[in-house]
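Enquirer: Chains as they are written, first to last, in our numbering: chain A, 464 to 863; chain B, 4 to 204. A single structure is presented below for examination.
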Amino acid sequence: MKSAKRKVYLDHNATTPLHPEVQKTMRLAMKNFGNPSSLHAFGRAARTKVEGARETIAEFIGASPEEIVFVGSGSEANNTVFNLLSCASRCGGTAFCKVTPEIITTRIEHPCVLETAACLEEKGIIVKYLDVDKDGKVDPGKLESMIGEKTVLVSVMTANNEIGTIQDVAAIAAICRRKNCLFHSDAVQAVGKIPLDVRRIPFDYLSFSAHKIYGPKGVGALYVRKGAPFCSFIHGGHQEKGRRAGTENTLGIIGFGRAVELRAIEMADEARRLLGLKERLKAGIVKNIPDIIFNGHPTDALSGTVNVSFGGAEGEAILLYLDLQGIAVSTGSACASGSLDPSHVLIACGMPAPQAHGSIRISMGRDTTKDDIDYVVRQLTEVIRRVRSISAVTNTGVEK
Amino acid sequence: MSDWLYSDKVKGHFMSPKNILLDEKSFKEDGKGVIGNIKCGDEMIVYIKVDRKKGVLTDVKWKTFGCASAIASTSILSEMAKGKTLDAAYNITSKDIARELGGLPDHKIHCSVLGDKALRAAIDDYYTRNGMFDKVRKEQAHVICQCLGITDHEIEDAVLEGARTYLDIQEKTKAGTVCGKCKEKTLKLLEEYTEKHFKKV
């Protein structure tokens, strides 16, 4: 097998390239070195830019600017929300002052939620985990019956990073409202890909990030509904109205603002276009490769995400053979994870481990073309044929 | 430093694996070893042909459901073993393979032990098929933790999967979590297996 020159990036759920317009804005913004907290002209110039970005981002999700807190990443946004429950001062208000509060979350959350939840469990907080069905969907009815008197927070991700499944967050938010508990959603894979408006869906907290939507890395945002309890996670200066200490990442925030501005223009058309490419990719795989299963919800899913399992083929080997052909994808195989466990998301969907080990995630974006998809189908067909010819097993785990 | 994930040698064997058994039907092996468990993601089959008079491996073929490291390490093992006497082939260790490959990351060592284990199983299978039972060296597992019936093999697997402290071993295998009398023995094995698989050469 020879290496190819062509490069096709299909890992947009991991991160996206900077939008050329964002690059332009950020290059110009590099001269705004002032500290936004400074009162002089240099500081004020930076402050104006940061607040402009805040307004753009707030407007995009139907919030008011003071409800947006800039943080360092989607992970930090999620940690900040979960930290509210162990914050000794519980300064935010009444909701968290109940004895041994309970949280409900799902088994398919990002590790930054699951690991933080596990950490809270060690501190004596009760965490209940909602199961999902085979497509990765949460049953809102099941959630409703799980919510008890002590439940203070429900956290359900809007769209899953691995399989793309989108939850019925409107129904979940309504239940939380009715049951008088707070609702947080990790919307890192959703904001900027699907329309979300906090005036229509009563989220209390919403986490999202710039680098998943053609913005820079190292900057995220947390929407905090006005009146929702809050304690800062990082203590220090008075930045972000005392809610997140540390000098603002001005360059990142300016890039984030520009990226969101562009999303408002491009998102709808792109989603339609990606859905077409997704159909083309799935049809190409079905036509050329036997013994495959698509993972995730068939319709309630991100338009750019395809997750597929190939029977009898191991994911890391598939990924690295594709890499040699210039194609970048990701896998749920344990061999690629550094741990020995396959994707917790696929396992939570009830998938047998071998099928999870043979899974590949292809996530498309604004630069992906039909031509790319046809190239991927051709290469994938060849790679799967190759990996299967080496394979000691079929997808059933039975020796050939 | 290569810009690839593993060494250039690994890349070479991954791109062009040697001695894969592609035509199973017409290949009449003298011994076959199957190792691994699809549940943990790995499955390895090694097939050997033996020159009976000389006691030498004339062919070593394989198949795997495994990652890049498993593919590369078995590919290189098949080349290392071919032409060796059965005894010499039996003594090839995962460390020999990793050295030959120009090193593997620690979390990938467990992938490379599959090939040599399967090769030893194939050689034992050859002896068994030919009634040479006295030659079979298949190691018996010894129970270390009497309370829970945890064996030295399970402790070795835990070390391969990354356990480096007594606590790690307890977490992975539950050994020593009842009466705790096996702590000394377990600690000794921990040292022995870490040395065996991970000590830099």
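Note that beta-carbon positions come from the ideal geometry of N, C-alpha and C, so glycine has one too.
Looking at C-alpha atoms only, which residue of B:Ile95, B:Gly86, B:Ala101, B:Ala178 is the closest neighbour of B:Val53?
Expert: Here the question's residue 53 of chain B lines up with position 50 in the second sequence. Closest by alpha carbon: B:Gly86.
Enquirer: Could you tell me which chain B residues have their CB closer than 7 angstroms to the CB of A:Ala855, listed as they occur along the chain?
Expert: For the purposes of this step, residue 855 of chain A is identified with residue 392 of the first sequence, where counting begins at 1. Going along chain B in sequence order, the residues near A:Ala855 (Cβ under 7 angstroms) are Glu46, Met47, Ile48, Lys66, Thr67, Phe68.
Enquirer: Less than 9 angstroms between CB atoms is the rule here; does B:Phe17 satisfy it with respect to chain A?
Expert: Numbered from its first residue, the second sequence carries residue 17 of chain B at position 14. By this cut-off, B:Phe17 is an interface position.
Enquirer: The beta strand (DSSP E) with B:Met47 in it runs from where to where?
Expert: On the second sequence, residue 47 of chain B is found 44 positions in, with the first residue counted as 1. First-last of the beta strand (DSSP E) with B:Met47: 45–54.
Enquirer: Would you be able to state if there are at least three C-beta pairs under 8 angstroms between the segment 140–152 of chain B and the segment 179–191 of chain B?
Expert: Because the criterion of three Cβ pairs below 8 angstroms is met, the segment 179–191 of chain B and the segment 140–152 of chain B touch.
Enquirer: Tell me where the beta strand (DSSP E) around B:Phe201 begins and ends.
Expert: On the second sequence, position 198 is the one that residue 201 of chain B refers to. B:Phe201 -> not in any beta strand (DSSP E); alpha helix (DSSP H) instead, spanning 186–201.
Enquirer: Classify A:Asn542 as buried or exposed, calling it buried when 16 or more other Cβ atoms lie within 10 Å of its own Cβ.
Expert: On the first sequence, residue 542 of chain A is found 79 positions in, with the first residue counted as 1. Buried: at least 16 other Cβ atoms inside 10 Å.
Enquirer: Is A:Asn643 buried or exposed, if buried means 16 or more other CB atoms sit within 10 Å of its CB?
Expert: Locating residue 643 of chain A in the first sequence gives position 180, where the first residue counts as 1. With fewer than 16 Cβ atoms within 10 Å of its Cβ, A:Asn643 is classed as exposed.
Enquirer: Less than 9 angstroms between CB atoms is the rule here; does B:Val59 satisfy it with respect to chain A?
Expert: Taking the second sequence and counting its residues from 1, the one referred to as residue 59 of chain B is at position 56. With 9 angstroms as the cut-off, B:Val59 does not count as an interface residue toward chain A.
Enquirer: Check the C-beta distance from A:Leu809 over to A:Asn758 and give it rounded, since I have them as a contact under 8 angstroms.
Expert: Along the first sequence, read from residue 1 onward, the residue named residue 809 of chain A stands at position 346. Along the first sequence, read from residue 1 onward, the residue named residue 758 of chain A stands at position 295. Sure, about 6 angstroms apart at Cβ, within 8 angstroms.
Enquirer: Give me the DSSP bridge partner(s) of A:Asp474.
Expert: Within the first sequence, the letter at position 11 stands for residue 474 of chain A. A:Asp474 pairs with A:Ser826.
Enquirer: For A:Ala650, name the three-state secondary structure that DSSP assigns.
Expert: To locate residue 650 of chain A, count along the first sequence from 1; it is residue 187. If DSSP states are grouped into helix, strand and coil, A:Ala650 belongs with coil.
Enquirer: Could you name each continuous beta strand (DSSP E) segment of 3 residues or more that falls completely within the segment 622–675 of chain A, going from the start of the chain to the end?
Expert: Entirely contained in the segment 622–675 of chain A, the beta strand (DSSP E) runs reaching 3 residues are, in chain order, 645–649, 668–672.
Enquirer: Between the Cα of A:Gly690 and those of A:Met730, A:Ala819, A:Ile531, A:Ser766, spot the shortest distance and give me the residue it belongs to.
Expert: Here residue 690 of chain A refers to the residue found at position 227 when the first sequence is read from its first residue. For the residues A:Met730, A:Ala819, A:Ile531, A:Ser766, the minimum Cα distance to A:Gly690 belongs to A:Ile531.
Enquirer: From A:Val850 to B:Cys70, what does the alpha carbon distance come to, in whole angstroms?
Expert: In the first sequence, the residue the question calls residue 850 of chain A occupies position 387. In the second sequence, the residue the question calls residue 70 of chain B occupies position 67. Roughly 10 angstroms separates the two Cα atoms.
Enquirer: Could you run through the segment 758–785 of chain A and flag, in chain order, every residue whose CB is less than 7 angstroms away from some CB of chain B?
Expert: Listed by position, the residues of the segment 758–785 of chain A near chain B (Cβ gap below 7 angstroms) are Gly775, Glu777, Glu779, Ala780, Leu783.
Enquirer: Taking only three categories from DSSP, how would you classify A:Asn712?
Expert: Numbered from 1 along the first sequence, position 249 holds the residue referred to as residue 712 of chain A. Coil, per DSSP.
Enquirer: I'd like to know whether the C-beta of A:Ser536 is nearer than 9 angstroms to at least one C-beta of chain B.
Expert: Along the first sequence, one-based indexing puts residue 536 of chain A at 73. Not closer than 9 angstroms to any Cβ of chain B, the Cβ of A:Ser536 fails to qualify, so no.
Enquirer: Mind checking if B:Val37 is an interface residue toward chain A, Cβ cutoff 9 angstroms exclusive?
Expert: Start at 1 with the first residue of the second sequence, and residue 37 of chain B comes out as number 34. At least one chain A Cβ lies under 9 angstroms of B:Val37.
Enquirer: Going by DSSP in three states, B:Tyr130 sits in which element: helix, strand or coil?
Expert: Mapped onto the second sequence, residue 130 of chain B falls at position 127. Reduced to three states, the DSSP call for B:Tyr130 is helix.
Enquirer: Is B:Asp6 helix, strand or coil when you go by DSSP?
Expert: Counted from its first residue, the second sequence places residue 6 of chain B at position 3. It is coil, neither helix nor strand.
Enquirer: How far does the beta strand (DSSP E) with B:Asp62 in it extend, from its first residue to its last?
Expert: Position 59 of the second sequence holds residue 62 of chain B. It spans 59–68 - the beta strand (DSSP E) in which B:Asp62 sits, taken as one unbroken run.
Enquirer: Below 8 angstroms, how does it come out for the segment 612–629 of chain A and the segment 754–769 of chain A: are there three or more Cβ pairs, yes or no?
Expert: Because the criterion of three Cβ pairs below 8 angstroms is met, the segment 612–629 of chain A and the segment 754–769 of chain A touch.
Enquirer: What whole-angstrom Cβ distance do A:Asp667 and A:Leu685 have, given they're in contact under 8 angstroms?
Expert: Residue mapping note: residue 667 of chain A aligns to position 204 of the first sequence, counting from 1. Residue mapping note: residue 685 of chain A aligns to position 222 of the first sequence, counting from 1. Not really, about 11 angstroms apart at Cβ, beyond 8 angstroms.
Enquirer: Is B:Ile23 close to chain A, meaning its C-beta is less than 9 angstroms from at least one C-beta of that chain?
Expert: Translated into positions along the second sequence, residue 23 of chain B becomes position 20. Taking Cβ atoms only, chain A reaches closer than 9 angstroms to B:Ile23, which makes this a yes.
Enquirer: I'd like the span of the alpha helix (DSSP H) that includes A:Gly537, first residue to last.
Expert: The residue given as residue 537 of chain A occupies position 74 in the first sequence. Here the alpha helix (DSSP H) through A:Gly537 covers 537–546.
Enquirer: Does any CB atom of chain B fall closer than 9 angstroms to the CB of A:Leu809?
Expert: Position 346 of the first sequence, counting from 1, holds the residue named residue 809 of chain A. For A:Leu809, the answer is no, since every Cβ of chain B falls outside 9 angstroms of its Cβ.
Enquirer: Does any residue of chain E bring its CB to less than 9 angstroms from the CB of B:Leu104?
Expert: You won't find chain E in this structure, because its protein chains are A and B.
Enquirer: Going by the beta-carbon positions, is the gap between A:His776 and A:Gly821 smaller than 9 angstroms?
Expert: Walking along the first sequence from the start, residue 776 of chain A turns up at place 313. Walking along the first sequence from the start, residue 821 of chain A turns up at place 358. The sequence as given places Ala at residue 776 of chain A; His does not occur at that position. Yes, these two residues count as a Cβ contact at 9 angstroms.
Enquirer: Determine the contact status of A:Thr614 and A:Val632, defining contact as a CB-CB distance below 9 angstroms.
Expert: For this step, residue 614 of chain A is matched to residue 151 along the first sequence. For this step, residue 632 of chain A is matched to residue 169 along the first sequence. Cβ atoms of A:Thr614 and A:Val632: not closer than 9 angstroms.
Enquirer: In three-state DSSP terms, what is A:Phe496?
Expert: Locating residue 496 of chain A in the first sequence gives position 33, where the first residue counts as 1. Residue state, collapsed to three classes: coil.
Enquirer: Cβ atoms of A:Asp830 and A:Tyr592: under 9 angstroms apart, would you say?
Expert: Here residue 592 of chain A is taken as the residue at index 129 of the first sequence, counted from 1. Here residue 830 of chain A is taken as the residue at index 367 of the first sequence, counted from 1. No. Outside cutoff.
Enquirer: From A:Asn770 to A:Ile825, what does the alpha carbon distance come to, in whole angstroms?
Expert: To locate residue 770 of chain A, count along the first sequence from 1; it is residue 307. To locate residue 825 of chain A, count along the first sequence from 1; it is residue 362. Approximately 6 angstroms between the Cα atoms of the pair.
Enquirer: By Cβ distance, which residues of its chain are closer than 8 angstroms to A:Leu548, with the 5 residues on each side in sequence left out?
Expert: The residue given as residue 548 of chain A occupies position 85 in the first sequence. Excluding sequence neighbours, A:Leu548 sits near Phe559, Pro564, Ile566, Leu583, Ile588, Val615, Leu616.
Enquirer: If contact means a Cβ-Cβ distance below 7 angstroms, which residues of the segment 666–696 of chain A contact chain B?
Expert: Listed by position, the residues of the segment 666–696 of chain A near chain B (Cβ gap below 7 angstroms) amount to none.
Enquirer: Provide the residue span of the alpha helix (DSSP H) that contains A:Val840, from first to last.
Expert: As a position in the first sequence, residue 840 of chain A is number 377, starting the count at 1. Start and end: 833–853.
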